[in-house]
Structures are given as C-alpha cells and as structure tokens.
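Undergrad: What follows is a structure written as structure tokens; I'll ask about it next.
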C-alpha cells in the first residue's frame, strides 16, 4: 500500500502511529550482526510489529523464518509467502484445524506445547490427518509462565514419545526467559541469557539421550538476545520488540532511546496553564494502558514527548492519560521549562511498550529519512 | 450482521469478546429510568461500546442523541442514520474539515472547546463556510483534565462572544466529573454529582447573564450519573461505561458485578500445578493493560474468571498477563480451591475496564438468553 508521493506529518489525522524505517532497518541489522557473531539464526518474532512489510525486513529471506503470536499473523504471513513459522503460544486442541489449513497451504507452521494432554491431542490430529505437525516442547527457562521444568525428564520424554508415536514430528525445544524483562544490570542480563541457554541445552540433551530427535533449540527475548555472550548448543533466537524499541526496553538497557522507531503523532488541543499541563488528542486509546516503566528506575509516565521531528523535549512526559486525552507535563523535579506548544501543534510520543501501543492502531505511517510519510503499512491485529 | 443461526460458545475461536444483550438492555433501562425520574435526557456516550448496534439500544431514537469520542465513531453513526451528536474531545482546528463533511451529510454534530484560540479557529471556519457549527464550552468540574474554570467569567464570555460574532452557534456548556472515578462512597459520589451540577449551572448562568445563549447544560460520567439525586438546571447527562459495566465501576459502586455485560472468552492452554496456575490464551492483548482496580479496595488482577456460563469461580482471578497468556490463580488469602480446568476448557473473564478491553477487539459476539451467539456486532475502532 505505497502512497503515490510522500506526505508531510501535518497532513495526517491524529492520533496515528509513525514508524521510522531507517531506525527499524538499523535495529534489525544490529541484532542480526550480534547473532551472526554468536553463530545462531534469528527467527524474528512478529508479535510486536504484526506486519508483513516489517517481516520482510526482519526475516533472512522472503520465506522466513518467523515467529508469530496469533494464528491471524500466521495466516497473513503465509498469504504473503512466508513458509517457515512457529506459533509460539501453547496450542489449544481447538486451534488444530486452523493450523492444518495454514499447513495445507504450503507453510511449515510448527506449534508448541508443554503437557502430555496437548501432545495426545496433536498426536491424534497427526494420526487422523496424516500431517506430521512439527512440535517444539516448551521448556520453562525461569518460572515466568509456561513450560516443562528443564530437569523434568519424565514429562519431557513422555511428551516426545507420545508425539513421535502418534505421527507428529518432534522438532525441538523452545524457551522464553521472560523474567529478563525485570532486569537492567548488564551482568544480570548476561546471566539470564546464559541460564536460558543452559536450560535449553539441558532439555535438548535429555530428549536426545532418550533417543528422541531435537534438531531445533530455540530461545529468546529481546533482553537475553541482546546480552547473550555465548549461545553454544542453541540453534535460533526469537525476539521481536528490538525491531521497534520502546522506553521499557530502554530502561532494561536492551535498546537506546534514540533507536526507538515507533511513536504516536498527536495534536495539542488545550492547556491548563496554572497546572503546567498541555492536553493532546492521544490518550491511552492511542498509547495503550501500558505503564511498564512505572516499575523501572525512570518512570516515563505514558511516554516521552518529542517535537514533530522526533527530538525529545527535555523533561516532558505524558503525565496522565484518559481515553482520548493525554496530559503532558514536566517530570517531577525537572528544571526544564515547559515548551510553548500552541493549539494545533503536533508532538510525537515515544511508547512505553511497542507491542501494546502498536496494537491500538491498524496501520503504520512509515517515515523516510526526510521525516515524510512514504508508505502506509497495515498491521495484523486480532486473532 | 446477524448470523444465520445461534452458535454455541465452544465453536468460537478464542480469545474473543462476548456481550450479553439482556444485561446491556437492562443496564440501559435502569439508567434511563433513573434519569427520567430526575427529568433529564440521556445522551449515551459511545466511547465504550463503539457500536452502531449498541447505540440503537442506548439512544432514545434511531436518530440520537449520542456522544462520541472519535470522528470515526461520528462518521459511522452518521452513516447509520444518527443525526444528533456531540464530539466530546476538545476540537483541534485541523479536524474541522472532517466535522464539516459529517455535518454536510445531514448530522447535527457539535464540538467542544475551552480556549479563545479554538473559538477563533471555529469562528473563522464558520464564517468561511457559512456553516454555524454548534459549540459547547467545556467547563472544568473538578480539576480532572480540560475545561474553563466555572468561575472564570472573562474566559467563558470571551469564548462565547468570539463564537457568536464569527457565526458559530454557542449551544451550551459541557462538563465531565472524571475525578468521580476515584471515589467509592455513595455520599461522596452524590456530592461529586452535585458539584458537577453546580459548576455546570453556574457557568451556564454566567453566559446567560452576559446575554449569550446557553440552551444545553451537559454533564456526565457513569459514577455521577448513577449517584445524582438532583439535576436541576441540567438538560442532559452523558455516560457510556454503564451500558456494559466493568469491575472498576463495580469497585466504585456504579454497577453490580452481576450486571457486567462484557467478557472475554478464553481457552485453557496449560498448567503450572506446583504454583496453582492455570494458563489461558487471553493475555493483555485480549484483556488490555488496564489495571485500574489495583488502586481500589479489591484488586481484581486482570479480571475475574467465570465459567463458560458466566458464573464467577470463587476467588479465581487473572493474576498476571503476558501478551497472549493469562495466568489464572486464586486471589491471595482465598480459601477457595482451584477449579479443575483441563486443557481446552473455556472460561469467561470479566474486564477491569470495558472501554479498554473492548478496544482490543473488532467485534462483539452477542449472546442471547440461552448463552448462545445470536449475532456479531462490529466495533468502530480507530480514529
């Protein structure tokens, strides 16, 4: 959906979502170089960008590989020619018909699971359909949410045997060190990455020692991907938010604020001068309710406020948000002065959480190097 | 978009949004009866439901009146025959061409503003176009966000004179007592409603005393609408979330938990039995990041968990949420036992905040009295 000619920001309806293509490309190149040096493949996670156009920039080839968080992402990417995907949310048996339809279209879509009940359902499906659905066993890296404990040999082997006996294809193990999001010290992040690697390799070796195949050892999170120093035994890394970046990942130290590619364009619609407030037309509906930075060393409110060219105003954040109203104010203790932003002025707001802010919008307005809108890229929202 | 025949919940793809039509209709009837008794008109706010189908249930007639939070809502309702609307977010001058287009289609769409700069822009637009755009002056009820102070006679009159001199139509004053969301004591809520009324009537009298017209005195928020005892001098009440209800409004006391018409249907995809966790396929992407109940007496996590028929499981809440994972667990201190919910079981999750949870979805699955899906109603997301 390329536009016929670049558009200036002041022609856009606000609020809307902006994406700086050069920053996106640089973020992808940086992660790819880092993982190339460690000798592992990047399997970009599209849960953040939810866009075929972004996938084509992030993937090694037009056919993949990719990670998806919804079957709608899988269907959209498959329709765009992507052939190698993992649906990285534990499979519900009722979703197998949709998985089968995507696979019947020619895409190699793998599923994940962490219980013998799910393995039974997938094995029955594989047996009945004759389609050897590939499966990765989800292993728990750090107690964050799902997954078999890496030292639970009995469950790992029971799942693997049930799958292979039923005609499904055991493809490997998959981990997500989600607790890394709570860290910010580089040494602790490197340790989290190493713990994720060790758990992955241990589970893989358990399966192999039982005579089961385990060609893929998949790990990932943006923080552990960024801080991993050694990935021996790992075959691929999944990460997604690094492509766009956000203030939360900047607080972790996984991206730099100046690399954040995503922002929300907003317009000034009022002032409460006695309080030092500037009111804009981007509230939590445009920014999301995500307040993840509230738990970090620097609380960014609902986002950092920049001018229309993307330069942050010193000390200016979105102090509070109603549904369609954002209240801009200086951070408590800031010695900066409030910028003079008249009614109608445009600002850009850097998001706390790219996954959540992006999801509030149905398209990206893609900026070229001159800060003009050179394309519109649709997002793949919903399930 | 009626479906050919009712569908059972177990045929739905999860996560998805459910709406119990009977509860919606009862919530609307209850609010209408309350406001009828107080002698004021209900101008339902569609910011929560964002649906033409819901609007037709909530409005007094197929032509209105209605309140909207986005121009896309205004455009969609206008296309569906709604003729009487207020766009209740301070107008940005760049939005006047879209306002004009909606008005040119025959809808009486009014705007709001709280500054002489905005009045100047609207007056210039009215003068140039010959369209007497109706305007309500936003008045600040309680310091919540926008609005002229009710005792700031100079600004109120200056805005009114600039509008009428330029050919715009001064239609009245509009207030939103948003700080009422922070209350839960009925007496304090009644006092907030009375303060909103007094501020509204005072500002209206200031305009009238200056010889300016002020036919409309518009107030509203679900809590103050629900707890108002006297609305003398007020002509209409705007409220929206009461139609669907949510756990936050239940915490305020403005709705009952058993009247909540909105829920998210989810499927069990895993267990961490040692921790007492049940993992479902509805994370914050389906529930929203809204954690408004965290500030209330009862923290509902990311929502209260019910069985597929909508009966809450004692003590069971969504303890935490990742993007596509919800972690169900008993509330701390609960003496209930964890229900036995196998892989594939469906649950329904009552939302913290109907506006935020609804916005994560593009449609409602509308349930009839038998709990079957009798219709699909699209939502009007975006701007």
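Protein chains in written order, with full-length UniProt numbering: chain A, 1 to 383; chain B, 1 to 383.
Even for Gly, the Cβ is constructed at its ideal location relative to N, Cα and C.
Which chain B residues sit within Cβ distance under 8 Å of residue 342/A?
TA: Those are 117, listed as they occur along chain B.
Undergrad: My assumption, with CB atoms under 8 Å, is that residue 239/A sits in contact with residue 365/A. Please give the rounded CB distance.
TA: The Cβ separation is near 24 Å, so there is no contact.
Undergrad: Strictly by DSSP, which residues pair up with residue 348/B?
TA: The partner list for residue 348/B (beta bridge, DSSP) reads 265/B, 306/B.
Undergrad: Using a Cβ-Cβ cut-off of less than 9 Å, list which residues of the stretch 87-111 of chain B approach chain A; keep chain order.
TA: The residues in question are 88, 89, 90, 91, 92, 93, 94, 95, 98.
Undergrad: Tell me, please, whether the CB atom of residue 296/B is closer than 8 Å to any CB atom in chain A?
TA: No, residue 296/B lies away from the interface with chain A (no Cβ there is under 8 Å from its Cβ).
Undergrad: Rounded to whole angstroms, what's the CA-CA distance from residue 159/A to residue 137/A? Just pull it up for me.
TA: The alpha-carbon atoms of residue 159/A and residue 137/A are separated by roughly 8 Å.
Undergrad: Please name the residues in the stretch 203-216 of chain B whose beta-carbon is closer than 8 Å to at least one beta-carbon of chain A, in chain order.
TA: Cβ contacts with chain A come from no residue of the stretch 203-216 of chain B.
Undergrad: Buried or exposed for residue 142/A, please, with buried defined as at least 16 other CB atoms from any protein chain shown within 10 angstroms of its CB.
TA: Under this definition residue 142/A is a buried residue.
Undergrad: From this set, 376/A, 234/A, 255/A, which residue's C-alpha is nearest residue 6/A's C-alpha?
TA: Selected option, being the one with the closest Cα: 376/A.
Undergrad: Output yes if chain A places a C-beta closer than 8 Å to the C-beta of residue 285/B; else output no.
TA: Closer than 8 Å: yes.
Undergrad: Kindly indicate if chain A contains any beta-carbon less than 8 Å away from that of residue 6/B.
TA: False, the Cβ-Cβ gap to chain A never drops below 8 Å.
Undergrad: Can the beta-carbon of residue 307/A be found closer than 8 Å to that of residue 347/A?
TA: Going by C-beta atoms, residue 307/A is nearer than 8 Å to residue 347/A.
Undergrad: Quick check on residue 236/A: does DSSP put it in helix, strand or coil?
TA: Residue 236/A: strand per DSSP, three-state reduction.
Undergrad: Whose Cβ in chain B lies nearer than 7 Å to the Cβ of residue 290/A?
TA: Neighbours of residue 290/A on chain B, chain order: 289.
Undergrad: Using DSSP with H/G/I as helix, E/B as strand and the rest coil, what is residue 18/B?
TA: DSSP places residue 18/B in strand when its eight states are reduced to three.
Undergrad: Which parts of the stretch 32-73 of chain B are runs of the beta strand (DSSP E), unbroken and 3 residues or longer, counting only runs that do not cross its ends?
TA: The stretch 32-73 of chain B contains these whole beta strand (DSSP E) runs: 41-44, 66-68.
Undergrad: Would you identify the three-state DSSP class for residue 274/A, choosing helix, strand or coil?
TA: Reduced to three states, the DSSP call for residue 274/A is helix.
Undergrad: Quick check: residue 115/A and residue 270/B, are their CB atoms within less than 8 Å of each other?
TA: For residue 115/A and residue 270/B, yes; Cβs fall inside 8 Å.
Undergrad: List the residues that DSSP assigns as beta-bridge partners of residue 284/B.
TA: BP columns for residue 284/B are empty, so no partner.
Undergrad: Are the beta-carbon atoms belonging to residue 49/B and residue 59/B less than 8 Å from one another?
TA: No, the Cβ-Cβ distance between residue 49/B and residue 59/B is not below 8 Å.
Undergrad: Using C-beta distances below 7 Å, list every residue in its chain close to residue 186/A, excluding the 5 sequence neighbours before and after it, in chain order.
TA: Cβ neighbours of residue 186/A beyond the five flanking positions: 227, 253.
Undergrad: Quick one, are the C-beta atoms of residue 157/B and residue 212/B less than 8 Å apart?
TA: Their beta carbons are under 8 Å apart, which means residue 157/B touches residue 212/B by this criterion.
Undergrad: Which of the three DSSP states is assigned to residue 149/B in this structure?
TA: Of the three classes helix, strand and coil, the one that applies to residue 149/B here is coil, per DSSP.
Undergrad: Which residue wins for smallest C-alpha separation from residue 229/A, given the options 123/A, 33/A, 11/A, 91/A?
TA: Checking every option, the nearest Cα to that of residue 229/A belongs to 33/A.
Undergrad: According to DSSP, which residues form a beta bridge with residue 243/B?
TA: According to DSSP, residue 243/B bridges with nothing at all.
Undergrad: Who are the neighbours of residue 382/A on chain B, taking C-beta pairs under 8 Å?
TA: In chain order: 361, 362.
Undergrad: So residue 145/A contacts chain B; which residues on that side make the cut at Cβ distance below 9 Å?
TA: Within 9 Å Cβ-Cβ: 270, 272, 277, 279, 320, 322, 325, 327.
Undergrad: Give me the Cα-Cα distance between residue 99/B and residue 109/B, rounded to the nearest whole angstrom.
TA: For residue 99/B and residue 109/B, the distance between alpha carbons rounds to 7 Å.
Undergrad: Use the C-beta contact count for residue 8/B: other C-beta atoms within 10 angstroms, 16 or more gives buried, fewer gives exposed.
TA: Answer is exposed; the Cβ neighbour count stays below 16.
Undergrad: When you compare the CB positions of residue 381/A and residue 302/A, do they come within less than 8 Å of one another, or not?
TA: No, these two residues do not count as a Cβ contact at 8 Å.
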